[in-house]
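Participant: In this note's numbering, the protein residues as written are 77 to 305.
My structure is below; once you've seen it, I'll send some questions.
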């Protein structure tokens with residue numbers, strides 16, 4: 077059945093700012109683990125520079141490959157703290173954004189950009205220290221001719237992103253967590269950080285054996301009952 081929804085959905089709920097601030101303290105990997113080892117975007121979408129990190133609520137954009145008309149519209153609509161999440165269909169034939177657009181994003185308080193597409197002017201983006209995650213770079217510029225959608229669910233790197241979902245990116249990649257779920261994961265993330273720190277400390281003291289390994293090998297049929305490594 078045809079949808080009666082407009083191409084641009086202007087109003088959607090976002091993750092509260094204080095929840096974003098708390099979640100931003102964790103590594104993307106920690107949040108992916110406590111979210112059920114899911115929500116991690118394909119590794120081809122990565123930070124332009126390893127130090128770059130972002131966290132915020134997604135404002136979702138769908139474009140035709142190589143056309144950035146709707147990204148300009150999304151920048152005009154975005155609120156401070158938003159992350160532009162752009163479904164560029166994985167196209168690397170031309171850049172969707174460069175220095176001019178990234179400068180506008182930074183000036184407006186946008187938290188960063190995640191795009192399933194390419195960007196350009198990477199050295200200048202590096203110098204302005206604005207977090208950008210993309211599939212790569214390309215010097216070709218985009219067209220500005222074709223309509224798309226804003227505020228609808230998009231798919232980037234194998235992950236569905238709804239407007240308002242929590243997005244975090246760091247040197248390991250990008251993780252998306254449902255808006256309704258992120259706050260409940262924060263205590264689990266804090267516990268995981270504490271548990272991992274304790275395990276690393278024990279390893280440094282010589283306790284290197286993984287306690288679960290032999291049992292897992294038996295379950296997998298690698299070791300017979302009574303056998304050990």
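Built from N, CA and C at the ideal position, the CB exists for glycine as well.
Just so we're clear, the structure is a prediction, and the values are computed from it rather than from any experiment.
If we count the other Cβ atoms within 10 Å of its Cβ and call it buried at 16 or more, is residue 77 buried or exposed?
Facilitator: Counting from 1 along the chain shown, the entry for residue 77 is found at position 1. Its pLDDT being 45, under 50, residue 77 is placed unreliably in this model, and the value from its coordinates should be taken loosely. With fewer than 16 Cβ atoms within 10 Å of its Cβ, residue 77 is classed as exposed.
Participant: Can you tell me where the alpha helix (DSSP H) with residue 268 in it begins and where it stops?
Facilitator: Residue 268 sits at position 192 when you count from the first residue of the chain shown. Run containing residue 268: 258-280, per the alpha helix (DSSP H) assignment.
Participant: Could you please give me the residues that DSSP links to residue 246 through a beta bridge?
Facilitator: By one-based count along the chain shown, residue 246 stands at place 170. BP columns for residue 246 point to 249.
Participant: Which same chain residues end up closer than 7 Å to residue 259 when comparing Cβ atoms and leaving out the 5 residues on each side of it in sequence?
Facilitator: Counting from 1 along the chain shown, the entry for residue 259 is found at position 183. Here the set comprises 95.
Participant: Among 116, 114, 168 and 175, which one has its Cα closest to the Cα of residue 211?
Facilitator: Counting from one through the chain shown, the residue named residue 211 turns up at place 135. Ranking 116, 114, 168 and 175 by Cα distance to residue 211 puts 168 first.
Participant: Entirely within the segment 186-239 and at least 4 residues each: give me those alpha helix (DSSP H) ranges in chain order.
Facilitator: Qualifying alpha helix (DSSP H) stretches, in chain order: 198-204.
Participant: Could you give the first and the last residue of the continuous alpha helix (DSSP H) run that contains residue 106?
Facilitator: As a first step, residue 106 is located in the chain shown; it is residue number 30 there, counting from the start. It spans 104-110 - the alpha helix (DSSP H) in which residue 106 sits, taken as one unbroken run.
Participant: Where does residue 289 sit, in a helix, a strand or coil, going by DSSP?
Facilitator: Walking along the chain shown from the start, residue 289 turns up at place 213. Residue state, collapsed to three classes: helix.
Participant: Relative to the alpha-carbon of residue 216, which residue among 304, 141, 130 and 300 has its alpha-carbon at the smallest distance?
Facilitator: Reading the chain shown from its first residue, position 140 is the one you call residue 216. Closest option to residue 216, Cα to Cα, is 141.
Participant: Where does residue 295 sit, in a helix, a strand or coil, going by DSSP?
Facilitator: Locating residue 295 in the chain shown gives position 219, counting from the first residue. Residue 295 falls in the helix class under three-state DSSP.
Participant: Quick one: Cα of residue 207 to Cα of residue 246, how far?
Facilitator: Counting from one through the chain shown, the residue named residue 207 turns up at place 131. Counting from one through the chain shown, the residue named residue 246 turns up at place 170. The alpha-carbon atoms of residue 207 and residue 246 are separated by roughly 9 Å.
Participant: Can you tell which of 98, 112 and 143 has its C-alpha closest to the C-alpha of residue 219?
Facilitator: For the purposes of this step, residue 219 is identified with residue 143 of the chain shown, where counting begins at 1. Taking only the C-alpha atoms, the option nearest residue 219 is 143.
Participant: What would DSSP say about residue 173, mapped onto helix, strand or coil?
Facilitator: In the chain shown, the residue the question calls residue 173 occupies position 97. In this structure, residue 173 counts as strand in the three-state DSSP scheme.
Participant: State the beta-bridge partners of residue 158 as determined by DSSP.
Facilitator: As a working mapping, residue 158 is identified with position 82 in the chain shown. In DSSP, residue 158 forms a bridge with 133.
Participant: Leaving aside the five residues before and after residue 110 along the sequence, list all residues of the same chain whose C-beta is less than 8 Å from its C-beta, in chain order.
Facilitator: As a working mapping, residue 110 is identified with position 34 in the chain shown. Within the same chain, residue 110 has close Cβ partners 261, 264, 265 and 268.
Participant: On a Cα-Cα basis, can you pick out the residue from 194, 297, 162 and 189 that is closest to residue 224?
Facilitator: In the chain shown, the residue the question calls residue 224 occupies position 148. Considering only alpha carbons, the answer is 162.
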